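Note that the working numbering has the sequence shown beginning at 34, numbered continuously upward. No residue lacks a Cβ here, since even glycine has one placed at the ideal position from N, Cα and C. Note that the structure is predicted; figures quoted are calculated from it, not measured. As structure tokens, the structure follows; a few thoughts come after it.
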Amino acid sequence: MKQTIVSGMRPTGKLHLGHYLGVIQNWVQLQDKYDCYFFAADWHALTTKYDKTEDLRQNTLDVIMDWLACGIDPEKSTIYVQSLVPEIAELNIYLGMITPQNWVERDPCLKDMAKILKSKEGQASQINFGLMGYPVLMSSDIMMFNADYVPVGIDQVAHIEITRDITRRFNNLYGEFFHEAKPLLNHCSLICGLDGNKMGKSFNNDIKISDTEEVTAKKIMTAITDRSRLRKDDPGHPDDCEVAFKYWKIFGSEEEIKIVQDECIKGQRGCAQCKRQLAEKINSTLAPIRQKRKYYEEHQDEVIKIIEDGSQRARLKAKEVLSQVRNLVKMY
Ligand code: TRP
């Protein structure tokens, strides 16, 4: 019997290379060894964006199309949408009952989210009841499939700690049933943004998986290089190159990296030329992924079928777990 993995993403729109290199590539690897459940957390999106739902469906489709394009395989993994598995909401009720208020109040992830929200204007600057329940809902996602491991970024580990606390409490109260899920850390910040800071959708410094080759090339030309270099035949300093050389180290072969480095140091390669080559390299690496994404964009009915089938499959397993939970809690 394979061990179980659960992980999800809030559907915030098209994914970028940070997601691809930091998260999705990791998921792709895990698919063969584990029984994997990957989902779009549309309820979690509502915790902060309940007043802005007009793009939510399209964002959910976009996220899942990006996964499929990158190699998440519906034959190997169960791909679903959180809100299509209503059993999670029922589990959330039981878990909410056994979670002390101060466990969620001291959740550092939630404190960060609250800080960001408060700095914004409008309706959603309030902290609502649903947002307070964020870690409980996340625990429901994880425990719904009795997961053993949860691949997440470091920023999510505090949530998983709460999940482990809730698991122990459930097992103590009602009998040993749930596994204590462990976080599996994604390597974060593998790739920085075009400005050298963390790559992020809202920082306007990202390259999307779904960007065209032209857009990618244009974006790459804005990437920061060695700031001390004025003319193209000045000797360069690859180690001080803030973005372009870092990208070469991710996308280039060992041989290519060596050539770029040597030519830069000797002043034989200008930054513009270097970035044009880099864009070609990135575009050719992403070509098969983008081709696959284009296919799904043109066949959205297939994507919807994958989501429906996956959600159906997820529900079968969820119903099994839930019936045991109901039994343990002594529901009628
Ligand atoms: N909170 C996660 C994030 O923002 C998304 C998420 C929701 C999740 N439920 C989960 C991740 C369950 C792992 C397991 O990235």
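Could you spell out where the alpha helix (DSSP H) holding VAL39 opens and where it closes?
-> Within the sequence shown, the letter at position 6 stands for residue 39. Note, VAL39: premise wrong, no alpha helix (DSSP H); beta strand (DSSP E) at 37-42.
Contact check, ASP181 vs HIS212 under 8 angstroms by CB: the rounded distance?
-> As a first step, residue 181 is located in the sequence shown; it is residue number 148 there, counting from the start. As a first step, residue 212 is located in the sequence shown; it is residue number 179 there, counting from the start. Confirmed, Cβ separation roughly 5 angstroms.
Grab the span of the alpha helix (DSSP H) containing PRO216 for me, first residue to last.
-> Here residue 216 is taken as the residue at index 183 of the sequence shown, counted from 1. Segment 215-218 is the beta strand (DSSP E) holding PRO216; no alpha helix (DSSP H) there.
What are the start and end residues of each continuous alpha helix (DSSP H) run of 4 or more residues lying completely inside the segment 233-320, in chain order?
-> 246-254, 277-284 and 287-298
Any chance the CB of HIS49 is under 7 angstroms from a heavy atom of ligand 1?
-> Your numbering for residue 49 matches position 16 in the sequence shown. Checking the Cβ of HIS49 against ligand 1 gives no.
Which ranges would you report for the beta strand (DSSP E) in the segment 109-150 if only whole runs of at least 3 residues count?
-> 111-114
Out of ARG260, HIS52 and LEU94, which has the shortest C-alpha to C-alpha gap to CYS274?
-> Taking the sequence shown and counting its residues from 1, one reaches residue 274 at position 241. The shortest Cα separation from CYS274 among ARG260, HIS52 and LEU94 belongs to ARG260.
Give a single yes or no on whether VAL276 has its beta carbon closer than 7 angstroms to a heavy atom of ligand 1.
-> Translated into the one-based positions of the sequence shown, residue 276 becomes position 243. Incorrect: VAL276 has no Cβ contact closer than 7 angstroms to ligand 1.
Any heavy atom of ligand 1 within less than 6 angstroms of residue CB: hits in chain order | VAL39, SER40, GLY41, MET42, ARG43, ALA74, HIS77, MET171, ASP174, ILE175, VAL183, VAL185 and GLN189
Return the chain-ordered list of same chain residues with a C-beta closer than 6 angstroms to the C-beta of ASP68, the five sequence neighbours on each side being excluded.
-> In the sequence shown, the residue the question calls residue 68 occupies position 35. These residues qualify, in order along the chain: LYS35 and THR37.
What does a CB cutoff of less than 7 angstroms around LYS352 pick up in its chain, not counting 5 residues either side in sequence?
-> Translated into positions along the sequence shown, residue 352 becomes position 319. Excluding sequence neighbours, LYS352 sits near GLU120.
Residue interval of the beta strand (DSSP E) (run including TYR70) = In the sequence shown, residue 70 corresponds to position 37, counting from 1. Residues 68-73.
Given ASP140, which residues of its chain have a CB within under 8 angstroms of its CB, disregarding the five upstream and five downstream residues?
-> Translated into the one-based positions of the sequence shown, residue 140 becomes position 107. Excluding residues within five positions, the ones whose Cβ falls inside 8 angstroms are TYR167, PRO168, ALA191, HIS192 and ILE195.
Would DSSP call HIS192 helix, strand or coil?
-> Here residue 192 is taken as the residue at index 159 of the sequence shown, counted from 1. If DSSP states are grouped into helix, strand and coil, HIS192 belongs with the helices.
Whole-angstrom Cβ separation of ASP99 and ARG326, contact assumed at under 8 angstroms?
-> The residue labelled residue 99 in the question sits at position 66 within the sequence shown. The residue labelled residue 326 in the question sits at position 293 within the sequence shown. Between ARG326 and ASP99 the Cβ distance is about 7 angstroms, and since that is below 8 angstroms, they are a contact.
Where do the N-terminal and C-terminal ends of the beta strand (DSSP E) with PRO184 fall, by residue?
-> Counting from one through the sequence shown, the residue named residue 184 turns up at place 151. Start and end: 182-185.
Integer-rounded CB distance, given that GLN115 should sit under 8 angstroms from PHE72 | Numbered from 1 along the sequence shown, position 39 holds the residue referred to as residue 72. Numbered from 1 along the sequence shown, position 82 holds the residue referred to as residue 115. With a Cβ gap of about 5 angstroms, PHE72 and GLN115 count as contacting.
Using CA coordinates, which residue listed in THR45, GLU123 and ILE126 is at the minimum distance from ILE97?
-> As a working mapping, residue 97 is identified with position 64 in the sequence shown. Of THR45, GLU123 and ILE126, the residue nearest in Cα terms is THR45.
So which of ASP198, ALA102 and LYS151 has the shortest CA-CA distance to ASN135?
-> What you label residue 135 is simply residue 102 of the sequence shown in a count that begins at 1. Out of ASP198, ALA102 and LYS151, ASP198 has the C-alpha closest to the C-alpha of ASN135.
Does the distance from the CB of TYR127 to the CB of VAL362 come in under 8 angstroms?
-> What you label residue 127 is simply residue 94 of the sequence shown in a count that begins at 1. What you label residue 362 is simply residue 329 of the sequence shown in a count that begins at 1. A contact, by the Cβ cut-off of 8 angstroms.
Beta-carbon contacts of HIS270 that lie in its chain and below 6 angstroms, excluding the five residues immediately before and after = To locate residue 270, count along the sequence shown from 1; it is residue 237. Hits under 6 angstroms: ASP259.
Report yes or no: do the segment 275-288 and the segment 80-95 share at least 3 C-beta pairs separated by less than 8 angstroms?
-> no
Are at least three pairs of beta-carbons, each pair with one atom in the segment 55-63 and one in the segment 214-224, less than 8 angstroms apart?
-> yes
Would you kindly report the start and end of the unbroken alpha helix (DSSP H) that includes THR93?
-> Within the sequence shown, residue 93 is the residue found at index 60, counting from 1. Element bounds for THR93: 89-103.
Between which two residues does the alpha helix (DSSP H) containing PRO168 stretch?
-> Counting from one through the sequence shown, the residue named residue 168 turns up at place 135. Taken as a continuous stretch (DSSP letters only), the alpha helix (DSSP H) holding PRO168 covers 167-176.
C-alpha distance - LYS144 paired with ASP84, whole-angstrom precision = In the sequence shown, residue 144 corresponds to position 111, counting from 1. In the sequence shown, residue 84 corresponds to position 51, counting from 1. Roughly 21 angstroms between the two C-alpha positions.
From this set, SER243, GLN189 and ILE242, which residue's C-alpha is nearest LEU217's C-alpha?
-> Along the sequence shown, read from residue 1 onward, the residue named residue 217 stands at position 184. Here the closest residue by C-alpha is GLN189.
Is it right to say PHE162 is buried, meaning 16 or more other beta carbons lie within 10 angstroms of its own, or is it exposed?
-> Residue numbering aside, residue 162 sits at position 129 when the sequence shown is read from its first letter. Counting Cβ neighbours within 10 Å, PHE162 comes out exposed, since fewer than 16 surround it.
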